[in-house]
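Numbering (this note's numbering), first residue to last: 898 to 1286. By construction, the Cβ of each residue, glycine as well, lies at the ideal position given by its N, Cα and C atoms. Before any comments, here is the structure.
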Ligand SMILES: Cc1cc2nc3c(=O)[nH]c(=O)nc-3n(C[C@H](O)[C@H](O)[C@H](O)COP(=O)(O)OP(=O)(O)OC[C@H]3O[C@@H](n4cnc5c(N)ncnc54)[C@H](O)[C@@H]3O)c2cc1C
């Protein structure tokens, strides 16, 4: 199949974004969610969602390079990302790869359009880094599973229609071997979600309780007790997807911060808009960190284009992303200092001003999708062949 050249595609994306009314993102989380859901629908209908997904699944059948080009244009236009990123970048690729015909054709088009929002029910109070210790259980009875247990840190569960849920289906085998992967309708009786407030003031996390929830057998993704393999695929997609998108978002954040600084200096000095040496050095450090990440993401894209599937190298991406993200926002915070409090720009509709929020949220980068320590363990054991600690 010949696909549109990347340059032509970029120009088409740029023109569409220039001609389209970009959404104003409200402060309130519920209102913000609704606006961004509608935005996802607009993007989907114009063919900008699921760019590298198969047409059968509702996608555009193009390459990951086209996907990357669109992310770059979207972010550089200062347009918000679609709200359903957990579906698009984390869970959906696993359903596309391991799903039955029913799962792929019924669930994926609604995931892409934003009609269905997905959450990821992996972590539990005693199973985060040691995910394989999870205890939420599913008992097989007739043509359904009966699920009981608790998940935690489930982002957007209170808004989600579907949950990708890891459950224990066999307690008699080694812990990784007794896990299954269920696709659970969040409107099923017996599910309770409680929102948890983060230090940013947002409440996008939830704890989710399952009390004898009945899940039809056709909602099992892959085979019974094969969930660990698929979970590894999901986590690999999460790490690669986050790296590609965040690299561009971080570049734009640095540009915006430097622009804000110059604007302030221009307005407050008598014609001297030059940034001082210390400031330029801080910008330089953030810029270099971003260049390193940029080089790494070229490899990420090449792996995605080659459909290489999850690899321990995803952990290098995630570890580098964590460090670069925290470097960039910490340099920006230092650069802008008290100016941050004067900022009115709230492109993501946040409860607190943009840079404070970004700085606080950047602390999460070394936790979600597996902590930095866990990425280091994976790199040490699986890439470098070092003995287990
Ligand atoms: C913004 C955000 C969004 C999230 N969204 C979701 C979601 O949607 N769904 C979901 O299921 N989860 C989600 N999580 C949860 C996330 O996956 C877990 O927080 C993460 O896996 C760590 O688990 P834990 O919090 O239980 O920490 P723990 O596993 O208890 O770890 C505590 C500390 O001990 C260290 N540690 C643990 N084991 C080792 C080891 N073997 N070697 C070295 N150090 C170790 C860790 O690195 C960490 O510093 C989210 C987290 C964040 C921050």
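Starting from residue 1210 and walking both ways along the alpha helix (DSSP H), at which residues does that stretch end?
Here residue 1210 corresponds to residue number 313 of the chain shown, with the count starting at 1. First-last of the alpha helix (DSSP H) with residue 1210: 1210–1233.
Inspect the beta-carbon positions of residue 1222 and residue 987 and report whether they are closer than 7 Å.
Mapped onto the chain shown, residue 1222 falls at position 325. Mapped onto the chain shown, residue 987 falls at position 90. Contact: no.
Within the same chain, show all residues whose beta-carbon is closer than 7 Å to that of residue 1087, passing over the 5 residues directly before and after it, in chain order.
Taking the chain shown and counting its residues from 1, one reaches residue 1087 at position 190. Answer for residue 1087: 1107, 1108, 1109, 1110, listed in chain order.
Counting Cβ pairs, one atom from each stretch, are 3 or more of them under 8 Å apart for the stretch 1043–1059 and the stretch 1076–1086?
yes
When we look at the beta-carbon of residue 980 and count the other beta-carbons within 10 Å, is it buried (16 or more) or exposed?
By 1-based counting over the chain shown, the position of residue 980 is 83. That one is buried.
Is the beta carbon of residue 993 less than 7 Å from the beta carbon of residue 954?
What you label residue 993 is simply residue 96 of the chain shown in a count that begins at 1. What you label residue 954 is simply residue 57 of the chain shown in a count that begins at 1. It is a contact, given that the beta carbons lie within the stated cut-off.
Taking the CB atoms as reference points, tell me whether residue 912 and residue 967 lie closer together than 7 Å.
Residue 912 sits at position 15 when you count from the first residue of the chain shown. Residue 967 sits at position 70 when you count from the first residue of the chain shown. Not a contact, by the Cβ cut-off of 7 Å.
What is the rounded straight-line gap between the Cα of residue 1291 and the Cα of residue 991?
Nothing in the structure corresponds to residue 1291, since the chain is present only between 898 and 1286.
Would you mind reading off the limits of the alpha helix (DSSP H) that contains residue 1063?
Counted from its first residue, the chain shown places residue 1063 at position 166. Segment 1059–1065 is the beta strand (DSSP E) holding residue 1063; no alpha helix (DSSP H) there.
Starting from residue 950, trace the alpha helix (DSSP H) both ways and give me its first and last residue.
Within the chain shown, numbered from 1, the residue matching residue 950 stands at position 53. Per DSSP, residue 950 belongs to no alpha helix (DSSP H) and is neither H nor E.
Beta carbon of residue 1076, beta carbon of residue 1063: below 7 Å?
As a position in the chain shown, residue 1076 is number 179, starting the count at 1. As a position in the chain shown, residue 1063 is number 166, starting the count at 1. Yes, Cβ-Cβ distance for residue 1076 and residue 1063 is below 7 Å.
Is it right to say residue 1185 is buried, meaning 16 or more other beta carbons lie within 10 angstroms of its own, or is it exposed?
Numbered from its first residue, the chain shown carries residue 1185 at position 288. Per the 10 Å Cβ criterion, exposed.
Would you mind working out which of 972, 1202, 1187, 1034 sits nearest residue 1225, comparing C-alpha positions?
In the chain shown, counting from the first residue as 1, residue 1225 sits at position 328. It is 1187 whose Cα lies nearest to the Cα of residue 1225.
Measuring CA to CA, which of 1122, 1092, 1023 is closest to residue 1067?
Along the chain shown, one-based indexing puts residue 1067 at 170. Among 1122, 1092, 1023, the Cα nearest to that of residue 1067 is on 1122.
Can you tell me the Cα-Cα spacing of residue 1128 and residue 927, whole angstroms?
Position 231 of the chain shown, counted from the first residue, corresponds to residue 1128. Position 30 of the chain shown, counted from the first residue, corresponds to residue 927. If you take the alpha carbons of residue 1128 and residue 927, they lie about 29 Å apart.
Cutting at 8 Å between CB atoms, please list the residues of its own chain near residue 1032, excluding the five before and the five after it.
By one-based count along the chain shown, residue 1032 stands at place 135. Once the five neighbours on either side are set aside, the close Cβ partners of residue 1032 are 1021, 1023, 1024, 1046, 1065.
Please report how far the alpha carbon of residue 931 lies from the alpha carbon of residue 1124, in whole angstroms.
On the chain shown, position 34 is the one that residue 931 refers to. On the chain shown, position 227 is the one that residue 1124 refers to. Each residue's Cα considered, the two are about 32 Å apart.
Could you tell me which of 969, 1117, 1000 sits nearest to residue 1042, measuring between CA atoms?
Residue 1042 sits at position 145 when you count from the first residue of the chain shown. Ranking the options by Cα distance to residue 1042, first place goes to 1117.
Cβ-Cβ distance between residue 922 and residue 976 below 7 Å:
Reading the chain shown from its first residue, position 25 is the one you call residue 922. Reading the chain shown from its first residue, position 79 is the one you call residue 976. Not a contact, by the Cβ cut-off of 7 Å.
Find the nearest neighbour of residue 974 within the set 1234, 1220, 1194, 1153, judged by alpha-carbon distance.
Locating residue 974 in the chain shown gives position 77, counting from the first residue. The option with the nearest alpha carbon to residue 974 is 1153.
Cα-Cα, which of 983, 1262, 1206 is closest to residue 1144?
Here the question's residue 1144 lines up with position 247 in the chain shown. Per the Cα distances, 1262.
Hey, how far is the Cα of residue 902 from the Cα of residue 914?
In the chain shown, residue 902 corresponds to position 5, counting from 1. In the chain shown, residue 914 corresponds to position 17, counting from 1. Rounded to the nearest angstrom, the two C-alpha atoms are 18 Å apart.
Using a threshold of 6 Å, is the CB atom of residue 1051 nearer than that to any non-hydrogen atom of ligand 1?
By 1-based counting over the chain shown, the position of residue 1051 is 154. For ligand 1, at least one heavy atom lies less than 6 Å from the Cβ of residue 1051.
I'd like to confirm the pairing. Which residues does DSSP put opposite residue 1124 in its beta bridges?
Taking the chain shown and counting its residues from 1, one reaches residue 1124 at position 227. Partner(s): none; residue 1124 has no beta bridge.
Under 6 Å from any heavy atom of ligand 1, does the C-beta of residue 1026 make it?
For the purposes of this step, residue 1026 is identified with residue 129 of the chain shown, where counting begins at 1. Within the cutoff, so yes.
Tell me whether residue 1014 counts as near ligand 1, meaning its Cβ is closer than 6 Å to at least one heavy atom of that ligand.
Along the chain shown, one-based indexing puts residue 1014 at 117. Because no heavy atom of ligand 1 lies under 6 Å away, the Cβ of residue 1014 does not count as near it: no.
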